[in-house]
Each structure stands twice: as C-alpha cells, then as structure tokens.
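Going left to right, the sequence shown walks through residues 97 to 382 as this note's numbering numbers them.
The C-beta atom is built at its ideal place from N, Cα and C for all residues, glycine as well.
All remarks here apply to the structure that follows.
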Amino acid sequence: MPDPSPTIRERRIAIEVRRLREQTGLTLDQAAERLKWSRATLGRMETAVRRIKPVELQRLLNTYKVDGRRRADLVELARGARERGWWHRYTDTLPAAYATYIALETEARSLRCYDALVVHGLLQTEDYAREVIRAGLMQLASDSEVERRVEVRLNRQALVTDRDPPLELWCVIDENTLRRMIGGTDVMRAQYTHLAELAERSNVTIQVLPHDMGAHPGVEGTFSILEFPERFMPDVGYIEALNAALYVEDDAHVHAYSLVFNHLVADALGIGESAAFLRRLAAGET
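Encoded structure:
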C-alpha cells in the first residue's frame, strides 16, 4: 500500500489547482491547450489521480498568474507532499483507512473529539489500548499483530507529548465510556490516572459528559474534527465505522459537527470539575 500522507496533500493541491483554473474562467480544454498538455493529463492532475510534479506546478501557477502568498503556500505544501510518515513501516498491518487517518492526524494542528464508546487512542494507556485493539480484531489477529497495532497507537501519542508545537487536543468523554470496564480494575485505574495527568498539560483539555445528561446532540456517536495549519487544508470531520471510515469535508457538514461539539462542551462538566472527577475515579471513590 502506498504511503497515504502524500495522497492527502496532493489531493489538497489538486483541489486548489482546479479552483485556480476555474477562477481564471478557463475550461479544462482551454487550460490544457495553453499548457500544451492533453485534456486527460490535466484532468488527472485536478483529481489527484496523477501526481503534479514541482516543475508542472510552477507551470500551472504561471499559466493561472498566481503569485505572492498564495503561490508560496502552494509550493510549500507541495514540497512535503512526497515525504513518508513514520507509520509507513507498519503498512503491512494497518488498514488503508486507518493509515489515512494517521496521516491526517499527524498533520493536524488541533483535534476536537467526542468519545462515546472508548477513550480516544491519543489518550489510552498501553494496557487499555491492547484490550481495545484485541477486542476490535475479535480475537482473529495474532499476538504479534496486536502488539504492532499497540505500538502504532503509542507512537501516535507523541503528537500530544513530544511534538513541537504539540497537537492541541480537546476531548469530551462520555461518562459511560469511563465506566466501561475494559481490562479490569487495575487497567481502568491506570487509565483514569493517565487521563488526569494528561489533563494537566496546557495543550490537552478533557471534559466529562455526565451520563445523567440524557439525550444530547452527540447521541449518534463518536466523531473527531481535525484542523490544519495550511490555508489549503480545511477542517475535516472523521467518523470511524467497523470496516471503513467516513471523512466529512463539506464546509457546511463540518460546521454542523462543530456546533454539536460546542453543545457537548457546554453540557459537560467544567474543566476543573472533570479533572476532579477523573482523580476520584483513579482513587476508586466513585
């Protein structure tokens, strides 16, 4: 499987190149004629079927008379489009959808999420992650495959603790998620302690949504919203399914998920209350 990170960046470049052509008022045929390329070649570039080489990008930008900040940003985005991520060495065990998500997560500046079933992977302890991964694979995977998946999950967490600048992470966790006994008392107590410690970091915000809240805007389940630093990488919503993943890229739909998240933030315990709640769980008090 090819490394997914270039696919993400190249798709954003392709979208912007198509937008630039449309802003100039050129049809695909007219632009291809000016560039002395075939219509099919330009069409494949605009749909990210064919990678746009640096020299080709410069030619496109010249043809569409793009300069200044917009040109510099696109060139910079293209410069890193073929870099391989650390997860490339795990492509023998990672589903394509998961690898694509890791690529998105790695490039994100911030991540907002609602966790309705299990603690988010970026916040899991090793033992908790192992139990979740083994259950998710339905006992069909070998021990070595489970361990490789655990290793991937722990490597992802460097975004929160080791990257400079770190990922800004804001999680609303359903109380029922915290009450779900995964791996036994000791595993859960360590997980509670880990959450309480992470919540002390300046880049991590954790809020607990009480189970007595009843019906709320997030009843349909877990979702994440990723925000990127590049101008041509708009926010992306992510919803994980059993054997696939749904990426929400339409601005209106992403905005709808943002509104849901804001409602959950308002309904959840405050940041200080949530931290105290986690500490009580870790101490076995509630």
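Taking C-beta atoms as the reference points, Arg249 and Gln220 count as a pair closer than 8 Å. Pairing Tyr353 with Lys132, the inter-Cα distance amounts to about 43 Å. In the assembly as shown, Gly121 is an exposed residue. Its beta-carbon has fewer than 16 other beta-carbons within 10 Å.
Contact between Ala378 and Thr289 holds: their C-beta atoms lie close to 4 Å from each other, under 8 Å. Straight-line spacing of the CA atoms in Glu203 and Asn299 works out to 16 Å. Following the DSSP letters along the chain, one finds Thr196 inside the alpha helix (DSSP H) bounded by residues Ala192 to Glu203. Inclusion of Gly139 and Ala212 in the CB contact set at 8 Å is not warranted, their separation being larger than that value.
Ile109 and Ala348 have their C-alpha atoms roughly 21 Å apart. Considering only Asp169, Arg114, Gly380 and Trp183, the residue with the shortest C-alpha distance to Ala254 is Trp183.
When secondary structure is reduced to three states using DSSP, Val283 falls in the helix class. CA-to-CA, the gap between Cys267 and Thr189 works out to about 27 Å. Proximity to Ala311 across Leu342, Arg376 and Leu360 peaks at Leu360, based on C-alpha coordinates. Apart from the 5 residues on each side of it in sequence, Glu323 sits with its Cβ closer than 7 Å to the Cβ of Ala204, Arg205, Ser206 and Asp331 in its chain, given in chain order. Residue environment for Leu355: exposed (fewer than 16 other C-beta atoms within 10 angstroms of its C-beta).
If you look at Phe357, you'll find it in the alpha helix (DSSP H) that goes Asp347 to Asp363. One alpha carbon belongs to Val113, the other to Ala337, and they sit about 32 Å apart. Ile111 carries a helical assignment under DSSP once its states are collapsed to helix, strand and coil.
With 16 or more other CB atoms across the displayed protein chains lying within 10 angstroms of its CB, Thr196 is buried. Within the segment 232-309, the complete alpha helix (DSSP H) segments of 4 residues or longer fall at 239-252, 254-257, 271-275 and 281-294, listed in chain order.
Glu345 and Gly333 have their C-alpha atoms roughly 6 Å apart.
Just so you know, the alpha carbons of Arg166 and Glu172 end up roughly 10 Å apart. Shown here, Ser134 sits in coil according to DSSP, grouped into three states, outside any helix or strand.
Rounded to whole angstroms, Ser238 and Arg115 show a C-alpha spacing of 47 Å. Residue state for Glu106 is assigned as helix, using DSSP reduced to three classes.
The three-state secondary structure of Ala144, taken from DSSP, is coil. Pairing Pro150 with Ala128 gives a Cβ-Cβ distance that is not under 8 Å.
Under the three-state reduction of DSSP, Ala341 is assigned to strand.
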